[in-house]
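Peer 1: Our numbering numbers the first residue of the sequence shown as 23 and each following residue consecutively.
Dropping a structure here in structure tokens format, bear with me for questions.
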Amino acid sequence: MLILGLNAYHGDSSACLVREGEIVAAAEEERFRRIKHWAGFPSHAIAYCLDQAGILLSDVDIVAVNSDPSASFFKKIEFTLRQRPNFRFIADRLRNQAKRQSIEGVLSAAFPGTPFRGKVQRVEHHLAHLASAFLVSPFEEACVASIDGFGDFSSAAWGVGRGSAIDIEGRVHFPHSLGVFYQALTQFIGFPHYGDEYKVMGLAPYGKPEYLATMRQIVKLKEAGRFEIDTRFFRHHREKIDYAWEGGSPYVGTLFSPALEELLGPARQKDQPLEQKHLDLARSAQAMYEEAFYHLINHLHEKHRLESLALAGGCAMNSVANGKVLRQSPFKRLYVQSAAGDAGGAIGAAVYAWHHRQKGTSGPGSGHSSSSVLAGDALIGRRVMDHAYLGPSATDEEIARLLDDRKAEISISGCQVADIPDERELCRMTAEAISRGEVVGWFQGRMEWGPRALGNRSIVCDPRRADMKDILNLKIKRRESFRPFAPSIQKEHVVDWFEEDGDVPFMMQVYQIREDRRPLIPAVTHVDGSGRLQSVYRQTNPRYWALIEAFREITGVPMVLNTSFNENEPVVCRPAEALNCFLRTKMDLLVLGNWTVRRLDAGGDRTSSAGVPEIAGSAG
Numbered sequence: 023m024l025i026l027g028l029n030a031y032h033g034d035s036s037a038c039l040v041r042e043g044e045i046v047a048a049a050e051e052e053r054f055r056r057i058k059h060w061a062g063f064p065s066h067a068i069a070y071c072l073d074q075a076g077i078l079l080s081d082v083d084i085v086a087v088n089s090d091p092s093a094s095f096f097k098k099i100e101f102t103l104r105q106r107p108n109f110r111f112i113a114d115r116l117r118n119q120a121k122r123q124s125i126e127g128v129l130s131a132a133f134p135g136t137p138f139r140g141k142v143q144r145v146e147h148h149l150a151h152l153a154s155a156f157l158v159s160p161f162e163e164a165c166v167a168s169i170d171g172f173g174d175f176s177s178a179a180w181g182v183g184r185g186s187a188i189d190i191e192g193r194v195h196f197p198h199s200l201g202v203f204y205q206a207l208t209q210f211i212g213f214p215h216y217g218d219e220y221k222v223m224g225l226a227p228y229g230k231p232e233y234l235a236t237m238r239q240i241v242k243l244k245e246a247g248r249f250e251i252d253t254r255f256f257r258h259h260r261e262k263i264d265y266a267w268e269g270g271s272p273y274v275g276t277l278f279s280p281a282l283e284e285l286l287g288p289a290r291q292k293d294q295p296l297e298q299k300h301l302d303l304a305r306s307a308q309a310m311y312e313e314a315f316y317h318l319i320n321h322l323h324e325k326h327r328l329e330s331l332a333l334a335g336g337c338a339m340n341s342v343a344n345g346k347v348l349r350q351s352p353f354k355r356l357y358v359q360s361a362a363g364d365a366g367g368a369i370g371a372a373v374y375a376w377h378h379r380q381k382g383t384s385g386p387g388s389g390h391s392s393s394s395v396l397a398g399d400a401l402i403g404r405r406v407m408d409h410a411y412l413g414p415s416a417t418d419e420e421i422a423r424l425l426d427d428r429k430a431e432i433s434i435s436g437c438q439v440a441d442i443p444d445e446r447e448l449c450r451m452t453a454e455a456i457s458r459g460e461v462v463g464w465f466q467g468r469m470e471w472g473p474r475a476l477g478n479r480s481i482v483c484d485p486r487r488a489d490m491k492d493i494l495n496l497k498i499k500r501r502e503s504f505r506p507f508a509p510s511i512q513k514e515h516v517v518d519w520f521e522e523d524g525d526v527p528f529m530m531q532v533y534q535i536r537e538d539r540r541p542l543i544p545a546v547t548h549v550d551g552s553g554r555l556q557s558v559y560r561q562t563n564p565r566y567w568a569l570i571e572a573f574r575e576i577t578g579v580p581m582v583l584n585t586s587f588n589e590n591e592p593v594v595c596r597p598a599e600a601l602n603c604f605l606r607t608k609m610d611l612l613v614l615g616n617w618t619v620r621r622l623d624a625g626g627d628r629t630s631s632a633g634v635p636e637i638a639g640s641a642g
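Okay, structure coming up:
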């Protein structure tokens, strides 16, 4: 059974391939198109998945799509009759639905000569999200919740997963949405681009929740874990918002109404300086989101008394709120997969369709799956997703050819190439470079699935250097100074450095760093004493673990600073993109598989230990 899962005609367009319940490949379209959050039909990601599986489109049994335009039909009718939105609003929604119905035709055009002979299965948006979290989690039983902007006329869904079954017990329908609330406040604070919400998360610790009482006028908590927004402050429900979801970077027009400016004062324009008011607004918006989020999940726990929680949806990317789940709720275990947002719906739709078929509740392409119809409580072929290395890779021979083809350009750039086939020596040499303060591009194995670099497409640096944020922003990133960098730490040492010993393989939770450790790793310690950690496991990424081990042997610190391998672009996918990024920035060292490219005349401070604190017990 071969199932192709798709997130199409939305931001973070993506595809995955599931064979007999196992995820063979998964990738986001942006990595191939080189446009952040690329929206449209993921033809390049599909081609990669088919190639990785060694099949043709004609071999696929089911194409599972994380959208069902027929879902919530009566809710849509009720809303239209009650609200009477303008004609342009209705016409725009009808056009979007028609586009999403035409999967077979688009597949034929994208892959001529290999006709798709299987069936298309529609999986309602939030059901796909819930499946993407629970059906690949290690939990046999768990509360489940999906929270985002909107999908199939809902903004949230929650319930319980047992075995291979997902029972959706409640929903929040259009126009109410925590995702829209957070995105509107992100725009209001002056970050207009799709996906900018993480900037508000990074800014929030610098402010105080001075506007929390005002935020409670915008978001209202209701019984049974529900919430509503005061629609006076928003535009999305009554007039056409400018959206761009096809063939490029996604765009969302202004979501907030003039009433929000009457309540909070003038919105910040993106070229205006950040003032204390904006920091306080960011903190207040984050605090309001957390209130509503915990209102929902605490209701779930109170009802079911389960210890485990699986989260998905765009709002599950809020790693700050996620990191407080085990401290501020009764839940004891949390699972958030590496692509919790809309991209992850491709995996959710595919694994749902596989379990759906295994249960025999319907044949392939039985059509629409707007609610869970899986029965039984036994685990049937569940595959736990414990790593995110599902994207393209490159052989050492491919890398060698690239470096040979471009040796003149590399030489002119003042760089030297070396082949280091011994892994221990490669890791030792790289760790020494990191300990000297060098900025290292690290390209290994299969690309990560999801927005986080997790040690295969990463830039790695010394977390001990107080000046490393400035060095990175000067040499490569050129991003806002308030945004933190993350630590990758060996799992066996998490409890020694962080206040909680959690499993965080996908960098989806922010934890407090132990107070006595914070001065030792200033480059990855945020202003509030937190760090968005990635726990690194020897069994799932042995080479990255070995690099950190080599750094630990030199410095006594079992972690490195990890940020995504890119420069104002999607994370690099192929070796050529890694080399291009290295050559046009001021990185000191590039490690491509077993090959290294060293910049001989780097302008950085390689040997100085300025800003590096003493580490008790250090070997170096």
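Note that the Cβ used here is the ideal one computed from N, Cα and C, for glycine as well.
Only a predicted model underlies this, so the values are computations on that prediction, with no experimental measurement involved.
On the CB-based measure, 16 or more other CB atoms within 10 Å of its CB, does D623 come out buried or exposed?
Peer 2: Label assigned to D623: exposed.
Peer 1: Would you kindly report the start and end of the unbroken alpha helix (DSSP H) that includes V482?
Peer 2: It is not in any alpha helix (DSSP H) - V482 instead sits in the beta strand (DSSP E) that spans R479 to C483.
Peer 1: Which residues in the same chain as R254 place their Cβ atom closer than 8 angstroms to its Cβ, once the five residues preceding and following it in sequence are excluded?
Peer 2: Around R254: S279 and A281.
Peer 1: In angstroms, rounded to a whole number, what distance separates the CA positions of I125 and C71?
Peer 2: Rounded to whole angstroms, I125 to C71 spans 17 angstroms at the Cα level.
Peer 1: For the alpha helix (DSSP H) that M223 lies in, which residues bound it at each end?
Peer 2: Its alpha helix (DSSP H) spans residues E219 to L225.
Peer 1: So which of T208, R554 and A410 has the shortest CA-CA distance to A289?
Peer 2: The shortest Cα separation from A289 among T208, R554 and A410 belongs to T208.
Peer 1: Using a Cβ-Cβ cutoff of less than 8 angstroms, which residues in the same chain neighbour V358 once the five nearest sequence positions on both sides are dropped?
Peer 2: Cβ within range, chain order: A155, A332, L333, A334, A338, N344, F528, M530 and Q531.
Peer 1: Excluding the five sequence neighbours on either side, which residues of its own chain have a C-beta within less than 7 angstroms of the C-beta of C38, listed in chain order?
Peer 2: Counting only Cβ-Cβ distances below 7 angstroms, and skipping sequence neighbours, we find G27, I45, A47, A48, C71, A368, I369 and A372.
Peer 1: Under 8 angstroms by Cβ, that's how I've got D73 and M23 pegged, so tell me the actual separation to the nearest angstrom.
Peer 2: Between M23 and D73 the Cβ distance is about 19 angstroms, and since that is not below 8 angstroms, they are no contact.
Peer 1: I need the straight-line Cα distance from E297 to A206, nearest angstrom please.
Peer 2: Computed Cα separation, rounded: 18 angstroms.
Peer 1: If contact is defined by three or more beta carbon pairs under 8 angstroms, each pair taking one atom from either stretch, is the segment 511-522 in contact with the segment 488-503?
Peer 2: With the cut-off at 8 angstroms, the segment 488-503 and the segment 511-522 do not touch.
Peer 1: What distance in whole Å lies between the Cβ atoms of Q556 and N584, which are believed to be in contact at a cut-off of 8 angstroms?
Peer 2: At roughly 6 angstroms, the Cβ-Cβ gap stays under 8 angstroms, so N584 and Q556 are in contact.
Peer 1: Would you call the segment 295-314 and the segment 219-230 in contact, with 3 or more CB pairs under 8 angstroms?
Peer 2: Contact between the segment 295-314 and the segment 219-230 is present, because at least three Cβ pairs lie under 8 angstroms.
Peer 1: Do V582 and C483 have their CB atoms nearer than 9 angstroms?
Peer 2: Yes, they are a contact pair.
Peer 1: Could you spell out where the alpha helix (DSSP H) holding H66 opens and where it closes?
Peer 2: Its alpha helix (DSSP H) spans residues S65 to A75.
Peer 1: Would you mind reading off the limits of the beta strand (DSSP E) that contains R621?
Peer 2: Looking at the DSSP string, the run of the beta strand (DSSP E) that includes R621 is W617 to R621.
Peer 1: Got a sec, what are the start and stop residues for the alpha helix (DSSP H) H259 sits in?
Peer 2: Unbroken run through H259: none, as it is neither H nor E.
Peer 1: What does the Cβ neighbour count give for T236, buried or exposed, with the cut at 16 atoms within 10 Å?
Peer 2: Exposed, since its Cβ has fewer than 16 Cβ neighbours within 10 Å.
Peer 1: Do H548 and G217 have their C-beta atoms within less than 9 angstroms of each other?
Peer 2: Going by C-beta atoms, H548 is not nearer than 9 angstroms to G217.
Peer 1: Would DSSP call M23 helix, strand or coil?
Peer 2: In this structure, M23 counts as coil in the three-state DSSP scheme.
Peer 1: Using CA coordinates, which residue listed in D174, S330 and A545 is at the minimum distance from A150?
Peer 2: Looking at the Cα atoms, D174 is the closest of the given residues.
Peer 1: What distance in whole Å lies between the Cβ atoms of F196 and H147, which are believed to be in contact at a cut-off of 8 angstroms?
Peer 2: The Cβ separation is near 12 angstroms, so there is no contact.
Peer 1: So, helix, strand or coil for E250, using DSSP?
Peer 2: The answer is strand: DSSP assigns E250 an E or B state.
Peer 1: Let's test the definition: count the other Cβ atoms within 10 Å of the Cβ of D90 and tell me whether it reaches 16, buried, or not, exposed.
Peer 2: It counts as buried.
Peer 1: Relative to the alpha-carbon of G62, which residue among A266, S415, Q143 and I498 has its alpha-carbon at the smallest distance?
Peer 2: The residue with the shortest Cα to Cα distance from G62 is A266.
Peer 1: Beta-carbon separation of V166 and G183 under 9 angstroms?
Peer 2: In this structure, G183 lies closer than 9 angstroms to V166 by Cβ.
Peer 1: For R500, is the classification buried or exposed, using 16 other Cβ atoms within 10 angstroms of its Cβ as the cut-off for buried?
Peer 2: Result: exposed.
Peer 1: If I'm right that G171 touches S199 with Cβ under 8 angstroms, what's the distance once you round it to whole angstroms?
Peer 2: G171 to S199, Cβ: 6 angstroms. Contact.
Peer 1: How should R379 be labelled, buried or exposed, when 16 other C-beta atoms within 10 angstroms of its C-beta is the threshold for buried?
Peer 2: Answer is buried; the Cβ neighbour count reaches 16.
Peer 1: Which ranges does the beta strand (DSSP E) cover as unbroken runs of at least 3 residues, wholly within the segment 144-216, from first to last along the chain?
Peer 2: Counting whole runs of 3 or more residues, the segment 144-216 contains the beta strand (DSSP E) stretches 163-173, 176-184 and 187-195.
Peer 1: According to DSSP, is V634 part of a helix, a strand, or is it coil?
Peer 2: It is coil, neither helix nor strand.
Peer 1: Among residues of its own chain, excluding the 5 on either side of H409, which ones have a beta-carbon nearer than 6 angstroms to its beta-carbon?
Peer 2: So the list reads T562, once near-sequence residues are dropped.
Peer 1: Is the separation between the beta-carbon of D426 and that of N616 shorter than 9 angstroms?
Peer 2: Contact flag unset, no.
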